[in-house]
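What the sequence shown shows, in this note's numbering, is residues 34 to 135, in sequence order. Where is the CB? At the ideal position from N, CA and C, for every residue including glycine. Scroll down for the structure; my scribbles are underneath it.
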Amino acid sequence: MKYQMLIELQVVGPLDDLDEVSDRLADALYELHDVIDPDLSTNLKTGRLDVTMIVDVATLEEALRKTLAATRAAVHATGGSTPDWDQMFREVGTQARELTDA
Numbered sequence: 034m035k036y037q038m039l040i041e042l043q044v045v046g047p048l049d050d051l052d053e054v055s056d057r058l059a060d061a062l063y064e065l066h067d068v069i070d071p072d073l074s075t076n077l078k079t080g081r082l083d084v085t086m087i088v089d090v091a092t093l094e095e096a097l098r099k100t101l102a103a104t105r106a107a108v109h110a111t112g113g114s115t116p117d118w119d120q121m122f123r124e125v126g127t128q129a130r131e132l133t134d135a
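What follows is the structure, given as structure tokens:
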């Protein structure tokens, strides 16, 4: 089953270098394996990052886990850190849509 996923992240702290950081994060997302069509959009004024990708897994729960893991891997690839990542899940917005083979 393929799911189109959206992860909404909010940057906390100064946004001065967000343009450069989001460019590096987008590059890291594009280099991910085992996800389809990853993309990133950034609001430089508010610090909101929207990560989208398609994952091919059996369940919605697996889709969420895979998308969060891929996003976290991309953040780490840019030199970013994710302290307290597991505790922040309630603050991360997600949307999922099951794709049909049409």
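- The residue from Pro71, Glu53, Thr79 and Ala61 with its alpha-carbon nearest to that of Val45 is Thr79.
- Listed as beta-bridge partners of Ser74 by DSSP are Asp83.
- Counting only runs that start and end inside the region 88-112, the alpha helix (DSSP H) elements of at least 4 residues fall at 93-110.
- Non-local C-beta neighbours of Val84 in its own chain, meaning closer than 6 Å and more than five positions away in sequence, comprise Ile40, Leu73 and Thr104, ordered along the chain.
- Residue environment: Thr100 is assigned as buried (16 or more neighbouring CB atoms within 10 Å of its CB, all protein chains considered).
- Here Ala107 is buried, its C-beta having at least 16 other C-beta atoms within 10 Å.
- Shown here for Thr92: same chain residues with a beta carbon closer than 8 Å to its own, the five before and five after excluded, namely Met34 in chain order.
- Per DSSP, reduced to three states, the secondary structure at Glu64 is coil, with no helix or strand assignment.
- Between Thr75 and Leu65, the C-beta spacing is not below 7 Å.
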